[in-house]
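Participant:
Numbering (the working numbering), first residue to last: 925 to 1625.
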């Protein structure tokens, strides 16, 4: 989780680092940390639009392209579920984040918060680039260290935890190239390698490197450093030193702790004094952390992640990764049962110390990063933490709409466990009554008595599709007439249209924008899109403030005034459009025109960002359910589905237009793209039984 201000402190210690050049070697990448850093640098001022996944994907692609240009063999490791011992700290962080968002103003130096699907977008790029990656069962720190130590290669991260890892470590900020979407710049690979022995010897060394874990704990790894102040003061003999002691003075704290460690016989000997020094309400928590430090300093080379990467080094990994990407996005699976060893059960140790029996096929998919971390949290903790987005705090949380889907996911995951089926799922979610987090309890819902997680890979494709469709209450969904890779996105729109809190008059502009942006993202060239994004961003800084409102035209319609009642096959229309160069060019020009427009005067409309976040929540849990069901449908590509800036500006334009037809005429959108848009609107309407025509306007036949 890192230590506030510690990286800045270490950066000043030049003797602790060696200048090196990365080239033709191995490198372990802290996936979650690097994804966060890349998003913050890529988003610049546009984080207020709540998720530009298309631009983020290009930034990730550009960054990893540079690393590959250095002929590096990359091992990217991602976090899985939360650890029980860190759950309190994460809950506190969720509350703090929620309060920060409630007070958010658009300022140049505002710290971007992460949108919901950032890690799924990150994994999507890794898959497409055939980069080796794996996902831990829990937090990835120990797995990252294990792999780095085994291969004797450095870790790339900006997390200050790795200063205490006894593994080679390259701070991200020491790289000599900036994060950019443009891969043209030459890369030298110059960076700084942290020398832990220089660091330790500067403070007198340690009795044993197992003390590094205790050092991290006392510097605030699991609880705020202020709770150890009494301990630090008790270790100071000079009254002047006690008077001048500051918790922000890492140099003084390190000297105190290193001196004390040499006076101890073992790690266990420190436990009593530490426990006595902390406030009463934290004693039990600290006791558990100390037990973890003293009992879990083990041989990290037993890591399951390490075994996974070693298997890659013995066989061609590129083919396996490529097939994984093809399966996710191009193939809907088969109706034939799979003849595999997927029924084999394995015992997994949960964060609470209990063993949970899970099928091998499931653990393999989890290891390959095919599940979101929500899956691990549901199984291991029966807990889901639902992060607050740029929402309207006058409305219920954007996640409430996803509760029915979440109940079914929990039902599938927990239905074959030995625990009582009635045990609830605990959800931490923004409270409507305050700017804080509330606890909601959900009862898992079991979609089928015949569905067993153990045997799920052997379930027919048709059965798995039906479970997904029934969960979304779209049993008559016909995927024969649409591109198969669009199926999940359209299911998301149909579910959202039926359940969203948007009024009848608001839905046409919002859903019209969702559909048109989806089509433009799928048609326009992604590299040219990202170049144009970068140019537009610089012109928009400091122009938008929260809580602005945009005038809603009550007579808006997404239908064509000359539209025929006959529905042309979406699949047929897409085949006619997506490979036509002139249509790709037309879509790109329309894209540029939309992005270049002013979003609104000087305000940001939280109503728009709220419902876009709601779309992301439904997207998150529908795709999670699709994954848990072993992908009855291909997963939609995030970079081709959601762009916060594009959607925000399109909604505003549609609100100000009389109809989608008038808007598309003003954008000079080709007639074939218009036909594709109208067919998509009608498809969503028919399956949701909800009209996207304003009640005051008729559809012309």
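Glycine is no exception: its CB is placed at the ideal position from the N, C-alpha and C atoms.
The beta strand (DSSP E) spanning residue 953 covers which residue range?
Facilitator: That run of the beta strand (DSSP E) goes 950–954.
Participant: Is residue 1548 closer than 8 Å to residue 1559 when the C-beta atoms are compared?
Facilitator: Contact: no.
Participant: By Cβ distance, which residues of its chain are closer than 7 Å to residue 1609, with the 5 residues on each side in sequence left out?
Facilitator: Hits under 7 Å: 1615 and 1616.
Participant: In chain order, what residues of the same chain lie with their CB nearer than 6 Å to the CB of residue 933, ignoring the 5 residues before and after it?
Facilitator: Result list for residue 933: 1174, in chain order.
Participant: Can you tell me whether residue 1234 is buried or exposed, with buried defined as 16 or more other CB within 10 angstroms of its CB?
Facilitator: With fewer than 16 other Cβ atoms within 10 Å, it is exposed.
Participant: Under 8 Å between C-beta atoms, does residue 1433 make it to chain B?
Facilitator: No chain B appears in the structure shown, which is made up of a single protein chain.
Participant: With a cut-off of 8 Å on the beta carbons, I'd call residue 1401 and residue 1408 a contact; round off their distance for me.
Facilitator: About 12 Å; that fails the 8 Å criterion.
Participant: Tell me which same chain residues have a C-beta within less than 6 Å of the C-beta of residue 1123, skipping the five on either side of it?
Facilitator: For residue 1123, where only same-chain residues beyond five positions count, the Cβ hits under 6 Å are 940.
Participant: Which of the three DSSP states, helix, strand or coil, is assigned to residue 1081?
Facilitator: Residue state, collapsed to three classes: strand.
Participant: Using a Cβ-Cβ cut-off of 6 Å (strictly less than) and excluding sequence neighbours within five positions of residue 1114, which residues of its own chain qualify?
Facilitator: The residues are 945 and 1100.
Participant: Rounded to a whole number of angstroms, what is the C-alpha to C-alpha distance between residue 1289 and residue 1296?
Facilitator: So the alpha carbons of these two residues sit roughly 11 Å apart.
Participant: Out of 1381, 1371 and 1317, state which residue places its alpha-carbon closest to the alpha-carbon of residue 1359.
Facilitator: Residue 1359 has its Cα closest to that of 1317, out of 1381, 1371 and 1317.
Participant: Could you give the first and the last residue of the continuous alpha helix (DSSP H) run that contains residue 1494?
Facilitator: Where residue 1494 is concerned, the enclosing alpha helix (DSSP H) stretches over 1494–1501.
Participant: What separation, rounded to the nearest whole angstrom, lies between the Cα atoms of residue 1266 and residue 1378?
Facilitator: Unreliable placement is indicated for residue 1266, whose pLDDT of 38 sits below 50; the coordinate value is still reported in the next sentence. Going by the C-alpha atoms only, they are around 7 Å apart.
Participant: Are residue 1677 and residue 954 touching if we call contact CB-CB under 8 Å?
Facilitator: Since the first and last residues shown for the chain are 925 and 1625, residue 1677 lies out of range.
Participant: Looking at the strands, I want to know which residues DSSP matches up with residue 1384.
Facilitator: Its beta-bridge partners do not exist; DSSP assigns none.
Participant: Let's see if you can read the secondary structure: which residues bound the alpha helix (DSSP H) around residue 979?
Facilitator: From DSSP, the alpha helix (DSSP H) with residue 979 extends over 977–993.
Participant: Just mark residue 1595 as buried or exposed, buried being the case when its beta carbon has 16 or more other beta carbons within 10 Å.
Facilitator: Classification for residue 1595: exposed.
Participant: Could you check the C-alpha separation between residue 1184 and residue 1163 for me, to the nearest Å?
Facilitator: Going from the Cα of residue 1184 to the Cα of residue 1163 covers about 18 Å.
Participant: Distance, Cα to Cα, residue 1166 vs residue 1158?
Facilitator: The straight-line gap from Cα to Cα measures roughly 9 Å.
Participant: Tell me the DSSP secondary structure of residue 941 in three-state form.
Facilitator: It is a strand residue.
Participant: Consult DSSP for residue 1352 and reduce its assignment to one of helix, strand or coil.
Facilitator: Reduced to three states, the DSSP call for residue 1352 is strand.
Participant: Are residue 949 and residue 1312 close, meaning C-beta to C-beta below 8 Å?
Facilitator: No; because the gap between Cβ atoms is not below 8 Å, this pair is not in contact.
Participant: Ends of the beta strand (DSSP E) at residue 997?
Facilitator: Here the beta strand (DSSP E) through residue 997 covers 997–1002.
Participant: So what does residue 1116 bridge to, in DSSP terms?
Facilitator: In the DSSP output, where bridge partners are listed per residue, residue 1116 has 943.
Participant: I believe residue 951 touches residue 1077 by the beta-carbon criterion, under 8 Å. Please report the beta-carbon distance rounded to the nearest angstrom.
Facilitator: Rounded, the Cβ-Cβ distance is 6 Å, consistent with contact.
Participant: From what residue to what residue does the alpha helix (DSSP H) around residue 1196 run?
Facilitator: 1191–1201 is the span of the alpha helix (DSSP H), which, as asked, contains residue 1196.
Participant: Name the DSSP beta bridge partners of residue 1095, please?
Facilitator: Note: residue 1095 sits in a beta bridge opposite 1081.
Participant: Is the CB-CB distance between residue 1607 and residue 1443 below 8 Å?
Facilitator: Contact: no.
Participant: In this structure, does DSSP put residue 1013 in helix, strand or coil?
Facilitator: Reduced to three states, the DSSP call for residue 1013 is helix.
Participant: Could you pull the DSSP bridge partners for residue 1308 from this structure?
Facilitator: Looking at the DSSP assignment, residue 1308 forms a beta bridge with 1351.
Participant: Under a Cβ-count criterion, where at least 16 other Cβ atoms within 10 Å of its own Cβ denotes burial, should residue 1533 be classed as buried or exposed?
Facilitator: Buried, because 16 or more other Cβ atoms sit within 10 Å of the Cβ of residue 1533.
Participant: Closest by CA to residue 1129, which one among 1116, 1187 and 1215?
Facilitator: Among 1116, 1187 and 1215, the Cα nearest to that of residue 1129 belongs to 1187.
Participant: Determine the direct distance from the alpha carbon of residue 1040 to that of residue 1177, and round the result to whole angstroms.
Facilitator: One C-alpha to the other measures close to 37 Å.
Participant: State the start and end residues of the unbroken beta strand (DSSP E) segment that holds residue 1695.
Facilitator: Only positions 925 to 1625 of the chain appear in the structure, and residue 1695 is not among them; the question remains open.
Participant: Throw me the rounded Cβ distance for the residue 1325 and residue 1423 pair, which I believe falls under 8 Å.
Facilitator: Contact flag correct, Cβ pair sits at about 5 Å.
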